[in-house]
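Asker: Have a look at this one before I ask anything.
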Amino acid sequence: MRRWPLNFPAYWVVENSAIEDFFAKFIWLIVPLQYGLLTQIARGLDPGDYTVAALLSLSSMVLLLIAGSATAGVVLVIFKRARGNYQQVARMWVVSLLISWAGANFLYAGSLICGYVWEWNGDLLGDSLRILMVDRLKILKEVDVVPGRNWPTFLSYLIFAYLSVAVCFLVRVLHIRFSRQRGPSPPLPEPDLIWPGVVVATVMMFINVVATAPAK
């Protein structure tokens with residue numbers, strides 16, 4: 028029975044130029060998508076804030092690039108897990124973040140669309156978590172749920188991020204399972220499945236806080 032390593036399939040992406048090119052184009056779709064997301068959230072951007080939305084989207088990419096590069100340095104220098112050079116390791120860890128972030132944003136958009144279709148007028152998952160934590164479990168008070176700065180929103184981002192990671196992992200497993208060419212084991216250390224979700228959710232929350240900050 029084949030044992031699947033619990034890692035993000037970053038090497039599977041970067042070793043195949045066609046797959047890497049696809050994801051490179053796919054990620055840039057997030058720039059216009061985030062404009063829609065940031066203008067639909069409570070107290071978010073105005074519909075005419077195209078430049079601000081683009082800057083926030085690019086800022087997300089820069090933060091993920093920094094996080095991936097810094098973590099690759101820690102892996103290479105401190106833990107000495109990497110068998111390749113820094114550029115190769117950083118490339119894999121940055122790719123894992125960008126793909127997870129792109130997938131999480133598409134899932135977030137789907138949750139918003141479902142919320143409006145079902146007349147919730149907001150993020151379906153985030154509002155469900157708010158109702159659970161405020162009305163059912165009474166962990167939070169309604170006054171504590173400030174738009175852009177609350178635990179239900181962060182938890183919803185965390186769920187979107189990990190669903191994105193899980194989809195990528197499942198796609199790799201199915202690809203290897205049904206492919207006649209299984210390929211060699213990754214020669215470089217891939218990120219585990221926990222790290223990308225935490226980083227992506229944190230960056231998404233930071234952008235949400237900036238977008239919903241009251242104008243001075």
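Residue numbers 28 to 243, in the working numbering, belong to the letters of the sequence shown in order.
Glycine included, every Cβ here is placed at the ideal spot set by N, Cα and C.
1. Does the structure place the region 114-127 close enough to the region 191-206 that three or more beta carbon pairs sit under 8 Å?
2. Please say whether Leu103 and Val116 have beta carbons closer to each other than 8 Å?
3. Buried or exposed for Ala188, going by 16 or more other Cβ atoms inside 10 Å?
4. Please name the residue, chosen from Asp162, Leu83 and Leu91, that lies closest to Val227 on a Cα-to-Cα basis.
5. Would a C-beta distance cut-off of 8 Å place Leu139 and Gln67 closer than the cut-off?
6. Could you pull the start and end residues of the alpha helix (DSSP H) that Met160 belongs to?
7. Rounding to the nearest angstrom, what Cα-Cα distance links Met231 and Tyr184 in this structure?
8. Using three-state DSSP, classify Leu43 as helix, strand or coil.
9. Ala240 and Leu72: beta carbons closer than 8 Å?
10. Could you spell out the range, first to last residue, of the alpha helix (DSSP H) harbouring Val227?
11. Which residue from Phe233, Asn235, Glu217 and Ile234 puts its Cα closest to that of Gly95?
12. Please look up how many angstroms separate the CB atoms of Leu244 and Leu65, rounded, as I've assumed it's under 8 Å.
13. Considering just the uninterrupted stretch of the alpha helix (DSSP H) at Asn132, what are its terminal residues?
14. So Pro179 packs on Arg157, CB below 8 Å; how close in whole Å?
15. Note down the Cα distance separating Trp39 from Leu56, rounded to an integer number of angstroms.
16. Mapping the DSSP letters down to three states, classify Arg176 as helix, strand or coil.
Answerer: By the coordinates alone:
1. With a cut-off of 8 Å, the region 114-127 and the region 191-206 count as touching, because enough Cβ pairs lie within range.
2. Contact: yes.
3. It counts as buried.
4. Distances from the CA of Val227 to each of Asp162, Leu83 and Leu91 were compared; the closest alpha carbon is that of Leu91.
5. Yes; because the gap between Cβ atoms is below 8 Å, this pair is in contact.
6. Membership of Met160 in any alpha helix (DSSP H) is not indicated, and neither H nor E is assigned to it by DSSP.
7. Rounded to whole angstroms, Met231 to Tyr184 spans 7 Å at the Cα level.
8. Per the sequence presented here, residue 43 reads as Asn, with Leu not at that position. Under the three-state reduction of DSSP output, Asn43 falls in the coil class, being neither helix nor strand.
9. No, the Cβ-Cβ distance between Ala240 and Leu72 is not below 8 Å.
10. Trp222 to Ala238 is the span of the alpha helix (DSSP H), which, as asked, contains Val227.
11. The residue with the shortest Cα to Cα distance from Gly95 is Glu217.
12. Not covered by the structure: residue 244. The range shown for the chain is 28 to 243.
13. Start and end: Tyr113 to Val144.
14. Contact holds; Cβ gap of about 4 Å.
15. Between the C-alpha atoms of Trp39 and Leu56 there is a straight-line separation of about 22 Å.
16. Per DSSP, reduced to three states, the secondary structure at Arg176 is strand.
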